[in-house]
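Numbering (the numbering used here), first residue to last: 12 to 527. Cβ coordinates follow ideal geometry from the N, Cα and C atoms, glycine included. To start, the structure under review is shown below, and the notes come after it.
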């Protein structure tokens, strides 16, 4: 066992021979009762040595509501925390490090988990940081933050100053964790001046959101956004409508919001699920969309707008997505649709842009069924926002951008999910054995070596190039060089360029409507 002194007290972790692990380390105070909907308070202090050998609790959530019967791949990919403790007081983090003695010069990789800002937890096996820390002599940190109705219920326009921060307390939790890391990570062998923020799906959305937030300036030095999709901030008006619907379900009037302090997290979560049940099957279980709110206080504009105005201009960015993002949630239903049904859905999604988009994708995929075309279009609607963010960052930034496209396909269930959303997560972490969706072909280990090697190189220097890859040039709009992750990794010029181009005129709000 290993003991480290933090600013709050000593913590005791475990040691497996080459990596020390400290789990469930508090970085913030309690968030229940009157602290609900409020920014996080500082972590408590303690005397003696705190045992940190087990993960802390997950934020309360309803994972089974987000695993529909027609999406068995979710069960194969995720191990929901049904048997893992959940608690509203969940602000803890985990640290993996190769050494706690000697210079504090290791790059630090801070991971923000996925889950549509509504579910997820750090204890997913595929998020274990030990293999990544071991391979790159790096310090890996993962953190828990408030989710869903507890982290992003925007009550500011209904309850005034008392609830001014409520729509963004989840992302304020992440900022609190980054501040704890700045103060304490040197004790774990990490360099507080070399912190890389990594997230996928909602975590990727959190990364680009933090790049847009003045409060996060200087707390991280490189950014990796994986499959952020349409996570471009929720407009305050839309977030208020969601809050009103939740309050109606709870029977709470806006002038009596203090009643929310007395309700259990489960009751609040159920109210949100019930209120959004009629919103359709492709918004994570029929729920209203949650996420950081453009509240004019903490988040002043969307991440793309902020990048265009020079936010985080000096932060190198690695960003990309998977080829078949939307098969994770929509494969079975999409394949039941005929061309009439697909065109109807696209019309509702894309308006006047639907016809040219459908025709362009049809020409590029002449053997595709209507359902396959719909999935391809949906998937690209989550890819394009990341490319727009990259271009905005390039236009005003002083740091390089590196773009990638993940195309390696899962072999499970006859390969029908392709290179689906979040399939790449265990490749970044070198934990492919922990994710059944990756199958058992030995080629996955080589791809994991290359992808995690790029992540480690980027965390160390801001450049993902390493000896296991062909040269990966920084992104530029002229030829759009993109690293394609597959059994053979290669740089492609503007992959799926015609399909990208036909989606260029589509407004971001339409691309984000079905984003992950």
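Each of 119, 262 and 47 was checked against the Cα of residue 162, and the nearest Cα belongs to 47. Contact between the segment 226-238 and the segment 460-473 is present, with at least three C-beta pairs closer than 8 Å. In the three-state reduction of the DSSP assignment, residue 494 falls in the strand class. Between the alpha carbons of residue 60 and residue 172 lies a distance of about 39 Å.
Burial check for residue 310: the Cβ neighbour count within 10 Å reaches 16 or more, so the residue is buried. Of the other Cβ atoms in all chains shown, 16 or more fall within 10 Å of the Cβ of residue 122; this residue is therefore buried. With a contact defined as Cβ atoms closer than 8 Å, residue 118 and residue 30 miss out at about 15 Å. When beta bridges are read from the DSSP output, residue 234 appears opposite 208 and 328. Between the alpha carbons of residue 98 and residue 154 lies a distance of about 14 Å. With respect to residue 494, residue 413 sits close: the two C-beta atoms are nearer than 9 Å. Collapsing the DSSP output to three states places residue 119 in a strand. A contact is defined here as three or more CB-CB pairs under 8 Å, and the segment 345-360 meets this definition with respect to the segment 380-398. Secondary structure of residue 95 (DSSP, three-state): coil. In this structure, residue 402 and residue 499 do not form a Cβ contact; the two beta carbons are roughly 27 Å apart against a cut-off of 8 Å. Contact between residue 177 and residue 187 does not hold, since the beta-carbon distance rounds to 16 Å and is not under 8 Å.
Around the beta carbon of residue 464, a 10 Å sphere encloses 16 or more other beta carbons of the protein chains shown; the residue is thus reported as buried.
Only buried fits residue 103, as 16 or more other CB atoms lie within 10 angstroms of its CB.
With at least 16 other beta carbons inside 10 angstroms of its own, residue 428 counts as buried.
In terms of Cβ geometry, residue 372 and residue 150 do not form a close pair [threshold 9 Å]. Under the three-state reduction of DSSP, residue 320 is assigned to coil, being neither helix nor strand. Contact fails between the segment 137-144 and the segment 202-217, because fewer than three Cβ pairs, one in each stretch, are under 8 Å apart. Residues of the same chain with a CB within less than 7 Å of the CB of residue 477, apart from the 5 flanking positions on each side, are 464, 465 and 468 in chain order.
With contacts defined as CB atoms closer than 9 Å, residue 345 and residue 195 fail to qualify as a contacting pair. With a minimum length of 4 residues, the unbroken runs of alpha helix (DSSP H) contained wholly in the segment 358-441 fall at 365-375, 381-407 and 436-440. Counting along the chain, residue 34 sits inside the beta strand (DSSP E) bounded by residues 31-37.
Bridge partners of residue 21 according to DSSP: 16 and 60.
Here the segment 429-441 lies against the segment 455-464, with 3 or more beta-carbon pairs under 8 Å apart. In this structure, residue 165 sits away from residue 270, with a CB-CB distance that is not shorter than 9 Å.
Excluding residues up to 5 positions away in sequence, 136, 137, 139 and 142 lie with their Cβ nearer than 7 Å to the Cβ of residue 442 in the same chain. The Cβ atoms of residue 239 and residue 330 lie closer than 9 Å to each other. About 5 Å separates the Cβ atoms of residue 15 and residue 111, confirming a contact at the 8 Å cut-off. In this structure, residue 332 sits near residue 397, with a CB-CB distance shorter than 9 Å. In the DSSP assignment, residue 218 is bridged to no other residue. In this structure residue 42 is not in contact with residue 190, their Cβ atoms being roughly 16 Å apart against a cut-off of 8 Å. Beta-bridge annotation (DSSP): residue 154 is paired with 104 and 123. Taking C-beta atoms under 8 Å as the contact rule, residue 400 and residue 318 qualify, at a distance of about 6 Å.
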